[in-house]
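Colleague: Chains as they are written, first to last, in the numbering used here: chain A, 21 to 134; chain B, 168 to 281. Encoded as structure tokens, here's the structure I'll be asking about.
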Amino acid sequence: DQQVKQNSPSLSVQEGRISILNCDYTNSMFDYFLWYKKYPAEGPTFLISISSIKDKNEDGRFTVFLNKSAKHLSLHIVPSQPGDSAVYFCAASATIQGAQKLVFGQGTRLTINP
Amino acid sequence: KAGVTQTPRYLIKTRGQQVTLSCSPISGHRSVSWYQQTPGQGLQFLFEYFSETQRNKGNFPGRFSGRQFSNSRSEMNVSTLELGDSALYLCASSPDPGRNQPQHFGDGTRLSIL
Numbered sequence: 021d022q023q024v025k026q027n028s029p030s031l032s033v034q035e036g037r038i039s040i041l042n043c044d045y046t047n048s049m050f051d052y053f054l055w056y057k058k059y060p061a062e063g064p065t066f067l068i069s070i071s072s073i074k075d076k077n078e079d080g081r082f083t084v085f086l087n088k089s090a091k092h093l094s095l096h097i098v099p100s101q102p103g104d105s106a107v108y109f110c111a112a113s114a115t116i117q118g119a120q121k122l123v124f125g126q127g128t129r130l131t132i133n134p
Numbered sequence: 168k169a170g171v172t173q174t175p176r177y178l179i180k181t182r183g184q185q186v187t188l189s190c191s192p193i194s195g196h197r198s199v200s201w202y203q204q205t206p207g208q209g210l211q212f213l214f215e216y217f218s219e220t221q222r223n224k225g226n227f228p229g230r231f232s233g234r235q236f237s238n239s240r241s242e243m244n245v246s247t248l249e250l251g252d253s254a255l256y257l258c259a260s261s262p263d264p265g266r267n268q269p270q271h272f273g274d275g276t277r278l279s280i281l
């Protein structure tokens, strides 16, 4: 039962253009969503998050959009840079009995071409 | 501010053995979560500890266990190792598990079972 899905295993984008990574979820209990970036041999690094009471959050080149009715979120990176090449994970969180539990998608490998 | 520290970084064991992995959270963080990452499976939640108590548990067999000490450091133990336990084990910490805030990850322990 995959509660968080990233349907694109990989994405290739030209440097300077916009990268759009997508994520779908099924559980209506999720109220907090996050994006992480992961380089090989390193742990995931937190990028940006959004609460379910918002539909957009922006931080520099990164913007996360949340569509609750569609149970869909996306990460926009603009402009894309070669250093953005990494695996991106979306995660969804529900707080149950005071404890936060993150559920991760399978990841999307983003490659930025010069 | 030091990040999440996991030791050891690499470990090789044989089937049937047991292993203990260690995690030191970011100073001031009281919640520690553990995840298993395998190729094609993404990050799977193992368990979460807060104030030396397990608050949340994923769908893993009882061979996987953990504990948290009074200084918030955590250990994870896997007994009777199987080939399928080969994975990257990641630890993440956050200040307070009851609030929506990002978890910050260490670089993981790469466990290989021969």
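Note that beta-carbon positions come from the ideal geometry of N, C-alpha and C, so glycine has one too.
(1) DSSP three-state label for glycine 251 (chain B), please.
(2) Do tyrosine 202 (chain B) and glutamine 211 (chain B) have their C-beta atoms within less than 8 Å of each other?
(3) Give the single residue among A:Asn42, A:Pro99, A:Tyr45 and A:Phe124 whose Cα lies nearest to the Cα of glutamate 35 (chain A).
(4) Grab me the residues of threonine 131 (chain A)'s own chain with a C-beta within less than 6 Å of its C-beta, minus the 5 sequence neighbours each way, in chain order.
(5) When the Cα atoms are used, what is the spatial distance from threonine 83 (chain A) to glycine 63 (chain A)?
(6) Phenylalanine 236 (chain B) and glutamate 219 (chain B): beta carbons closer than 8 Å?
(7) I need the straight-line Cα distance from isoleucine 280 (chain B) to asparagine 244 (chain B), nearest angstrom please.
(8) Thinking just about the alpha-carbon of each residue, which of B:Arg266, B:Glu242, B:Leu248 and B:Pro269 is nearest to the one in glycine 275 (chain B)?
(9) At a CB-CB cut-off below 7 Å, which residues of chain A make contact with glutamine 270 (chain B)?
(10) Which residue's Cα is closest to the Cα of leucine 278 (chain B): B:Cys258, B:Ser198, B:Thr187 and B:Ser253?
(11) On the DSSP letters alone, give me the boundaries of the beta strand (DSSP E) that serine 200 (chain B) sits inside.
(12) DSSP three-state label for aspartate 79 (chain A), please.
(13) Taking all protein chains shown into account, do 16 or more other C-beta atoms lie within 10 angstroms of the C-beta of serine 89 (chain A), making it buried, or fewer, making it exposed?
(14) So, helix, strand or coil for glycine 103 (chain A), using DSSP?
(15) Taking a contact to mean a Cβ-Cβ separation below 8 Å, would you say phenylalanine 66 (chain A) touches serine 113 (chain A) in this structure?
(16) Check each residue of the segment 101-112 of chain A: if its Cβ is closer than 9 Å to any Cβ of chain B, include it; give the result in chain order.
Modeller: Taking the definition as stated:
(1) helix
(2) yes
(3) A:Pro99
(4) Ser32 and Ser105
(5) 22 Å
(6) yes
(7) 14 Å
(8) B:Glu242
(9) Leu122
(10) B:Ser253
(11) 198-205
(12) strand
(13) exposed
(14) helix
(15) no
(16) Phe109 and Ala111
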